[in-house]
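Residues in the sequence shown are numbered from 1 upward in steps of one, following the UniProt record's numbering. Glycine included, every Cβ here is placed at the ideal spot set by N, Cα and C. Each remark here refers to the structure printed beneath this line.
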Amino acid sequence: MSSSIKRDREWEASPSGGDSAAPAAESESKRPRISPPSSSLSSDASSISQHSVSASGQRSEDHPMTVLDAIRGKLQDTSDPHLQARLLLQYSSAAASPGAKTAAAIDFLFSFLQQNQTQTETQTGDGTQTSKDAGSSGAIVVGAIVRGLRQLLAVKPAVVEPMIQVDAMGEQLMQCMSVGEDFKLRRDMLRIVVDCLMLTSKFVQVETLLHVCVQDHDAGMQAICLRGYLRLHAAGRCFAASTSTGEKDVVEEHFDRLATFVLFAQSKEVRVLAAQVLVALADLHPQHQVVSSRVFPSSMDKPATKTTLFLPEKIFYVLCMAGSDVSASVRVEVARCLRGFSRVLASEVVEHAVLKTQIDEAVVDVAPEILEMSTRRMLSSGVLLSLLEDIDGDVAAEASRTISRLSEMATAPDAGEGRWSQRALERAITAHFDALPRASVSSDTTLCRVLVSSLGRLLVCRNSLNTNTDFTVSSADLSCLVRSATSDADSIKSAVVDILLVLRYCNLSSAWAVQRVVDFVLDIVASSSFCRLSSDSDGENNDDFDCWSKRILVAVRALGKKCSNVLQADVALSDRVRQETSSQRNDQRRFLKSVCQALLDQTELPLDDKSKDSKSPSDVSSLFFLKTPPACAAHAASRASSTYSLQVVHSLDTLRKSPVAGDVAVYLKAIHRLRTAFAVDDVDVSVRVADVIVRLRQHIHSFPNASAAPAPTAHKYVSMQAMLSTSPSVGSGHTSNTSVGNQDQKEAQAFASLRLPKDLEKGCQEMVDAASDTYVKAFALSSSPRTELLQLILLGRVGLVLSLLQTSSDSLLRIEKLRWIAKEATRLRFLISDNQRQGELWLPTRLLSDVRSLDDLKRAFVIIVRKAWPTALIDAAFRRFTLATSSSGVVYRRPGIAHASILEPVTSATAKIEPREITANWPFEQHVRFLLTNARDITQVYVKSVLPNGNVEYHHVPAKRVCNQGSRKHMVDHTITLTVSPFSDPTAFTVAVCLGHPTLPGSVKPNTPGSGETSPHIFKEISAPVRVLIFHRTSSTLKHAAKSSTA
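If you want it as structure tokens, here you go:
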């Protein structure tokens, strides 16, 4: 049965008010053309596809069809094109209803267009209407039909898309230019063609169409094409891919056109979109030089700059020149795009935007290209500082965010040639301090918050340059900084944290500065926003403080340490703080009391602090510091805990010392007891990594001892006098210089026979997984266990790399892995030095940084294994044991580990869950609700989705979606958007909850040569995955239609 007969039956089944407009089903060739009868739009005759879609098998509803019939009747009663256009749009909106017969409604639109064209031709032939009026009215009707079809396409793509002749419409758009009054119709046609092609993943056709239509002089067409480029980039497509003319020419053409749009386009919308597409182009071609560009040829950059400019640097210059645009929205977008580059740009280019250079007014006869490049640098000099001083608050805020983001990228360990100088950073910091008074006077709280936050980030970047000095701040700047705290109760705490972080890196050596800081802390905390009544809470427990209050306490404690010398010298000031501490009666305003105590922590250290930790860990009697008071024991038992025998405590006490050569069997026996006593999931991370280290030590015991210090570099310099001399001392001296390297090489060759078996390779992987999981998921860990976990992660990764290289003969792979190990060791050294925990570092990072061969790596691995031992982790696990009050055993208090329980989508092992209907290649929303416990940072919560084709995506959960429900408990309610590619029914996708964290040294696998960069984050699942069944939305419809056709 043909589809046209099915549509006739649909029309017969529904009441029709306009019989003359019923679809003509005798022949598919009679499908009307979407074009007005004017000659300028004659090529629109084949704009709509000749294909048809089978009738919907859904249950018929009276209401939508009644509305459609009423509109059809009105259309037959009017001849005014504007009224017809309005009715046609209403008709399309009604046809999008779930109960409407969309395919039949689309056929009516086609038949009405054919009837309208016939009437127009008749009126033109009779002389009652001119050809110009006929073309105008035809364009109005055709435009309304195209806009209506686009509305239907957004709602029912599976029905509408096959009925549109995309190829013919695209061909017509590429062959004609906008003339007269048809520009609105051409915009509507371009939109629907791009939507259809993107829906069907015909990206090559989209690229060809946009490449031609972007050259149209109409600003609306240009904006549509630029949005199409952004959609291609979001879909992972390279819209400047190689064509018959070559990739190089295409990139240059795109760059020239987009740069012209950004600088000279009449429409501000086109300028905004062109800036976004320029950044996308820079991401696609980061190493392209666009040598023959008309706007910015490569011959123009070398005389004025010291480095070769690639495409991202040239685009950065173009955006800087666009920073002086008259439109505030364009300046906002330019400021935002300047931080959107995926790689670190050359420091000379970026620093030029944050440093205003003196204009050279000397008249010199130079080449035109040098003069033009000098003009560009003059126009772009200090543009970020100019945007920071912009009168529009949004522009200034975006410029501040851009400066801080660029500084973080430029001071990262892998910045390379893009590393900023201290002068540029300090100029940016000074500019932010200068902008604060203006923002405070205008009462722009958002701008103040952004400026203070950026100041903190810039000062952290300055501190990473190893300046060893605090930033000197004037009294006026300090006063303005502390006055910038907002009085809004919802945001005052976060604002105070940002201000305290800025003060942490400022020079507070003067008594006046410390007094101003103390006044600020006490006044702001004593305000009504911080006043907390906690008479019913436990005086020793701070769990009732929210996360911002805890961060304030940490920041105040750091400031107290910084200002301790001044507080000790200024008795009046310290007495005032003590008075605030002692004046709090009846546990009221307890937070102010805690803040005052944090300020005085470093000033009044108790004398017996060191005596608390002076007990020898080997003293067996010290095991029973377990003899805790009954109140503490009851509090510990109230948490998640289990009771074990005293033998478990003795086994763990055995592990508190690093093993020696003869004690390996004793340690393996103790580890076996602990693994047997605990459940598989409850074995502490310290026991698991200790097991791997003991087995590694047992494996390498036969190798010789080696020094952990890197071998000194042989001196290869020989003086001129020595070269001219014939004395034997010349030869002997040279031999002594090179003998060091030969000795080190021979020592490294002694470890060439080292091989790791499969069980130890699995143990290294277990060490990496267990240590990284604990580092990310643990709710509270002190600095010593964290430092130890970082070293264990890198140790396990070195073992895995060693296992990989021992079976590979690829020299390029070996060089790549050794360089990666050296880079990760350098990262670890920076992390440890930033946290000032050098005394707890047993992993020789400098030795790993200097490895040059596989034998060097094996030698370093043996040295590390003989030094490694998780002492801090074992001590932390040991302190979690307390004596049981009701039995003779001990109670083990489990550490707080982040966990999430997904409540929605619902999963059940017994009840049958109905699958969800979706449309392939069309975004749909999935609601996710879960209970989160023991999360250390609620800003790093993600929802992981795994689609049927294996694609994995991590969706960030904003902090505003997280609701506090008590101590360490949060309820999260979030909605994610997914797009599923075509699949076979039935199938499913899964969702899970993860915690995100910046990549740790050695936590991810190193890249193979030629592969892409790894993700800057690692994600750890904290919930069981939930499976959601799905099937195609059109499957039941097609089955119902098939049954009706066979009946």
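Asked                                                                                                                                : Found
DSSP bridge partner residues for residue 973 (one or two, in chain order)                                                            : 929
Enclosing alpha helix (DSSP H) for residue 934 [first to last residue]                                                               : Element bounds for residue 934: n/a, residue is neither H nor E.
Member of 951, 938, 969 whose CA lies at the smallest distance from the CA of residue 957                                            : 938
Secondary structure of residue 452, DSSP reduced to three states                                                                     : helix
Expected contact under 8 angstroms - CB spacing of residue 455 and residue 429 to nearest Å                                          : 7 angstroms
Spatial distance of residue 912 from residue 959 (CA atoms)                                                                          : 34 angstroms
Start and end residues, alpha helix (DSSP H) containing residue 965                                                                  : Element bounds for residue 965: not the alpha helix (DSSP H) but the beta strand (DSSP E), 962-966.
Coarse secondary structure for residue 467, derived from DSSP in three states                                                        : coil
Per-residue burial, residue 779 [other beta carbons within 10 Å of its own, 16 or more giving buried]                                : exposed
Extent of the continuous beta strand (DSSP E) run through residue 95                                                                 : Careful: residue 95 lies outside any beta strand (DSSP E), inside the alpha helix (DSSP H) at 81-95.
Status (buried if at least 16 other CB within 10 Å, exposed otherwise) for residue 815                                               : exposed
Candidates 354, 102, 974: closest to residue 954 by CA position                                                                      : 974
Helix, strand or coil at residue 996 according to DSSP, with G and I counted as helix                                                : strand
Below-7 angstroms beta-carbon distance, residue 239 vs any chain C residue                                                           : No chain C appears in the structure shown, which is made up of a single protein chain.
Any 3 or more C-beta pairs closer than 8 angstroms across the stretch 756-763 and the stretch 866-885                                : no
Simplified DSSP assignment, three categories, for residue 252                                                                        : helix
Close beta carbons around residue 314, own chain, < 7 angstroms, minus the five adjacent residues each side                          : 290, 296
Residues that residue 945 bridges to, as DSSP identifies them                                                                        : 953, 991
Through-space distance from residue 1022 to residue 517, alpha-carbon basis                                                          : 41 angstroms
Residue 881, DSSP secondary structure in three states                                                                                : strand
Member of 943, 524, 263, 458 whose CA lies at the smallest distance from the CA of residue 426                                       : 458
Endpoints, the beta strand (DSSP E) within which residue 1027 is located                                                             : 1026-1032
Beta-carbon gap between residue 148 and residue 89 smaller than 7 angstroms                                                          : yes
Beta-carbon proximity check, residue 683 vs residue 890, cutoff 7 angstroms                                                          : no
Own chain residues within Cβ distance below 7 angstroms of residue 668, not counting five before or after                            : 694
Pairwise C-alpha distance: residue 71 and residue 172                                                                                : 31 angstroms
Close-in-space but distant-in-sequence residues of the same chain around residue 211 (CB under 7 angstroms, 5 per side omitted)      : none
Stretch-stretch touch, CB-based, cutoff 8 angstroms, three pairs: the stretch 319-339 with the stretch 386-401                       : yes
Under the three-state DSSP convention, the category residue 778 falls into                                                           : strand
Selection from 902, 869, 255 that minimises the alpha carbon distance to residue 318                                                 : 255
Minimum C-alpha distance to residue 681 - residue among 580, 93, 894, 989                                                            : 894
7 angstroms Cβ shell around residue 411 - same chain, five flanking residues per side excluded                                       : 419, 420, 461, 464, 465
Neighbourhood of residue 453 by C-beta distance below 7 angstroms, restricted to the same chain and skipping five residues each side : 498
7 angstroms Cβ cutoff met for residue 995 and residue 898                                                                            : yes
Run of the beta strand (DSSP E) containing residue 1048, from where it starts to where it stops                                      : This structure cannot speak to residue 1048, because the chain is shown only from 1 to 1047.
Exposure label - residue 77; buried when at least 16 CB within 10 Å                                                                  : exposed
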